[in-house]
Amino acid sequence: MKNVDQYRATVPIADYDALASWIEAAAAGTPRVLSADAPVVFFKSSGSTGESKRIPITRRFMERSFFPFYYAAWANVVDHFPDAVARPDATLNLKHDPAPIAGTTRSGQPHLGASQVDFATAFGEPLSAEPGSRAPWSVLPAGVDAGDHLERCYVRLRHAIAHDVRCVIGINPAMVAALPFQLEQWWPRLMKDLHKGTVDGRRGSTPDPVRSAELDRLAERAGGPLPAHVWPRMQLLFCWTTGLASLYLPRLRESFGPQVSALPAPVAASEGFVAVPLDRHATAGPLAVTACLYEFIDADEEIRPNSATLLLPELEPGREYHVIISHVGGLYRYALGDVVRVVDRVRGVPRVEYAGRRTVSDAAGERLRESHVVRALRSALASTGLEARNATCRTVTPDAPGAPGAAPAIPGYVFAVEPFTPWSDREARMFADALDVSLGTVSALYRAARAEQRLRPLVVHRTASGAFAREWQDRVASGIRPAQVKDRVFQHDDAAWQRLLGNR
1 MKNVDQYRAT
11 VPIADYDALA
21 SWIEAAAAGT
31 PRVLSADAPV
41 VFFKSSGSTG
51 ESKRIPITRR
61 FMERSFFPFY
71 YAAWANVVDH
81 FPDAVARPDA
91 TLNLKHDPAP
101 IAGTTRSGQP
111 HLGASQVDFA
121 TAFGEPLSAE
131 PGSRAPWSVL
141 PAGVDAGDHL
151 ERCYVRLRHA
161 IAHDVRCVIG
171 INPAMVAALP
181 FQLEQWWPRL
191 MKDLHKGTVD
201 GRRGSTPDPV
211 RSAELDRLAE
221 RAGGPLPAHV
231 WPRMQLLFCW
241 TTGLASLYLP
251 RLRESFGPQV
261 SALPAPVAAS
271 EGFVAVPLDR
281 HATAGPLAVT
291 ACLYEFIDAD
301 EEIRPNSATL
311 LLPELEPGRE
321 YHVIISHVGG
331 LYRYALGDVV
341 RVVDRVRGVP
351 RVEYAGRRTV
361 SDAAGERLRE
371 SHVVRALRSA
381 LASTGLEARN
391 ATCRTVTPDA
401 PGAPGAAPAI
411 PGYVFAVEPF
421 TPWSDREARM
431 FADALDVSLG
441 TVSALYRAAR
451 AEQRLRPLVV
461 HRTASGAFAR
471 EWQDRVASGI
481 RPAQVKDRVF
491 QHDDAAWQRL
501 LGNR
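Position 54 (the sequence shown) corresponds to 54 in UniProt numbering; numbering is contiguous.
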């Protein structure tokens with residue numbers, strides 16, 4: 001093919017499901033599938049059906065499309081916060097979780113999360129060690145169950161409280177948001193271990209009764225422990241800063257200390273990089289223009305194999321787009337499943353922020369995207385002067401009347417919102433009204449569905465304090481790796497929904 005236009009006319013757009021049979025063939029050991037290069041590993045990523053995806057990763061992809069932008073992402077941290085890498089124990093890297101026993105594909109190739117891969121061993125990149133990956137707690141004692149992710153969280157936190165941590169890396173902001181809750185939940189256990197020099201009752205370090213007594217005094221004086229008490233020289237949180245995190249990140253950052261900054265992590269997926277922040281912009285980074293061939297589809301449109309696409313020069317600031325990538329790793333015109341918002345341009349290159357998954361909620365023709373809901377939540381909170389720790393929503397349709405000829409039941413949205421401080425009943429009603437208006441402002445289809453009474457007025461339930469953190473803990477305790485337990489704009493899990501509301 002001679003040019004991009006011919007390429008676009010010849011190769012159909014495909015998502016993971018469309019490529020699944022070829023990917024499974026590669027995972028089974030069939031050579032020269034999707035790429036002439038043999039996969040070195042298969043990255044594990046959460047799929048839309050709940051089954052883990054297997055993303056084939058070749059050496060050429062890592063060298064050309066991954067490592068240059070991987071290093072650029074960490075360079076931004078080092079440039080602005082050099083203390084984060086001044087000592088091996090200066091960073092608590094929550095995403096770094098080397099697998100003691102790696103999963104494998106049918107052909108025996110490694111199948112594990114990107115954060116679990118030893119890039120130095122697998123790809124000969126000794127400089128690829130992330131900040132915090134050589135901390136004293138990076139390799140856990142042999143007695144810690146590899147499948148007990150919550151216990152692994154505790155052991156890392158127990159070791160980290162004895163050190164002068166300056167940076168917390170989460171990438172997934174829900175992991176960072178869980179830290180204050182874990183400190184509070186595990187405080188007596190942590191202080192007992194710190195005092196005795198034990199780790200969950202087992203000998204593991206030098207006893208430090210002086211520090212445990214000091215931390216207890218600070219926590220008692222403040223009415224409870226905060227990360228700022230444990231790590232008073234904290235400087236940086238490194239994670240995604242958009243999506244639902246934009247609701248809680250300001251207060252979360254305060255809990256780590258008044259001078260703590262947040263840098264946005266790259267817009268990326270297991271399949272490839274999209275954008276890498278190179279400065280202190282709060283949410284966005286320029287497209288990683290040499291990592292992939294990027295195409296874009298307006299986010300309001302459905303992705304089809306023959307969808308018309310836009311190239312970089314055609315993107316408009318303020319608009320949102322589906323991302324289509326092509327790269328040397330064997331993914332050609334691959335629908336990533338992510339939506340980005342163009343913030344502006346830097347030297348002609350679009351700077352974008354993550355706007356959510358391409359998931360659409362459509363009970364009555366409203367076609368709400370994740371970004372619609374997040375923007376509406378932010379607007380409603382701002383207009384009412386309220387604050388929230390987290391939120392999620394779903395559609396509910398009342399039981400239809402049983403009488404013959406009765407009108408069909410009308411669906412509506414129900415939100416579960418955790419207030420930062422208690423809301424009065426009046427404030428909750430004001431927020432629900434403001435949220436309904438805000439959804440209509442950001443989505444013309446939602447506004448039309450409400451005007452035509454195809455959707456009922458939305459309902460807001462206030463959860464108890466800590467409900468979302470407890471739900472995160474429950475999911476991790478069930479066996480899901482912490483890096484994969486993310487905030488959910490649309491909550492489809494009935495049991496999780498009931499747990500959130502049951503915590504009121």
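Note that beta-carbon positions come from the ideal geometry of N, C-alpha and C, so glycine has one too.
Buried versus exposed call for residue i [16 or more other C-beta atoms within 10 Å across all chains shown]
| i | result |
| --- | --- |
| residue 505 | Outside the shown range of the chain, which is 1 to 504, sits residue 505, and nothing can be said about it. |
| T10 | exposed |
| L435 | buried |
| D487 | buried |
| Q235 | buried |
| V4 | exposed |
| G113 | buried |
| A432 | buried |
| S48 | Because the pLDDT of S48 is 43, which lies under 50, any placement of that residue in the model is unreliable, and the number read from its coordinates should be weighed accordingly. Label assigned to S48: exposed. |
| K2 | exposed |
| S424 | exposed |
| R504 | Because the pLDDT of R504 is 43, which lies under 50, any placement of that residue in the model is unreliable, and the question is left without a value. |
| K192 | exposed |
| V210 | exposed |
| V139 | exposed |
| P313 | exposed |
| E452 | exposed |
Start and end residues, beta strand (DSSP E) containing residue i
| i | result |
| --- | --- |
| A282 | No beta strand (DSSP E) contains A282, which DSSP labels as neither H nor E. |
| R54 | 52-58 |
| F42 | 39-46 |
| A28 | Careful: A28 lies outside any beta strand (DSSP E) and carries neither H nor E. |
| S467 | Strictly speaking, residue 467 in this sequence is Ala, with Ser absent from that position. Taken as a continuous stretch (DSSP letters only), A467 belongs to no beta strand (DSSP E), being part of the alpha helix (DSSP H) at 467-477. |
| V267 | 267-269 |
| V274 | 272-275 |
| residue 507 | Any property of residue 507 remains undetermined from this structure, which presents the chain solely from 1 to 504. |
| P110 | 110-112 |
| residue 520 | With the chain covering only 1 through 504, there is no way to say anything about residue 520. |
Beta-carbon proximity check, residue i vs residue j, cutoff 7 Å
| i | j | result |
| --- | --- | --- |
| R341 | E320 | yes |
| P69 | F273 | Residue 69 is actually Phe in this sequence, not Pro. Taking 7 Å as the Cβ cut-off, F69 and F273 qualify as a contacting pair. |
| E353 | T242 | yes |
| P56 | P31 | no |
| I169 | N93 | yes |
| V485 | W472 | yes |
| A269 | C167 | no |
| D89 | H149 | no |
| V144 | R134 | no |
| A284 | R351 | yes |
| V346 | V414 | no |
| F181 | A483 | no |
| G197 | P207 | yes |
| P136 | L183 | no |
| S438 | A376 | yes |
| A228 | G257 | yes |
| A219 | C239 | no |
| L293 | S326 | yes |
| F66 | V328 | no |
Selected residue, minimal CA-CA separation from residue i, among the options
| i | options | result |
| --- | --- | --- |
| R389 | P419, D279, K2, A376 | P419 |
| L190 | P136, V155, R87 | V155 |
| L381 | R429, G337, I324, A483 | R429 |
| V374 | A219, T441, T397 | T441 |
| V396 | R456, T105, A268 | R456 |
| R59 | V85, L179, G330, P209 | G330 |
| L368 | R64, L237, G337, S443 | S443 |
| V343 | A275, T384, R378, P188 | A275 |
| N110 | E254, A26, H281 | Here the sequence assigns Pro to residue 110, which means Asn is not the residue at that position. Of E254, A26, H281, the residue nearest in Cα terms is A26. |
| D494 | R394, V210, K192, T206 | R394 |
| A409 | Y446, P277, A364 | A364 |
| E63 | T290, D425, P136 | T290 |
| G132 | F123, L157, P141, T121 | L157 |
| A20 | F296, R54, S65 | R54 |
| P141 | A213, G204, A178 | G204 |
| V165 | E370, S246, V230 | V230 |
| S212 | L252, H159, L179 | H159 |
| R333 | R358, G29, I297 | I297 |
Element boundaries [alpha helix (DSSP H), containing residue i]
| i | result |
| --- | --- |
| D494 | 494-502 |
| H229 | 227-230 |
| F69 | 67-80 |
| P250 | 245-256 |
| residue 506 | With the chain running from 1 to 504 in the structure shown, residue 506 is simply not present. |
Legend entry - Segments assigned alpha helix (DSSP H), at least 4 residues, entirely inside the stretch 371-457: The qualifying runs are 425-442, 444-451.
Inset, instruction - Tell me the start and end of each unbroken beta strand (DSSP E) in the stretch 141-224 that is at least 3 residues and wholly inside, in chain order. - result: Entirely contained in the stretch 141-224, the beta strand (DSSP E) runs reaching 3 residues are, in chain order, 167-171.
Legend entry - Any beta strand (DSSP E) of 3 or more consecutive residues that is wholly inside the UniProt domain "GH3 middle" (288-357): Those beta strand (DSSP E) runs which fall completely within the UniProt domain "GH3 middle" (288-357) and span 3+ residues are 293-298, 320-326, 334-346, 349-357.
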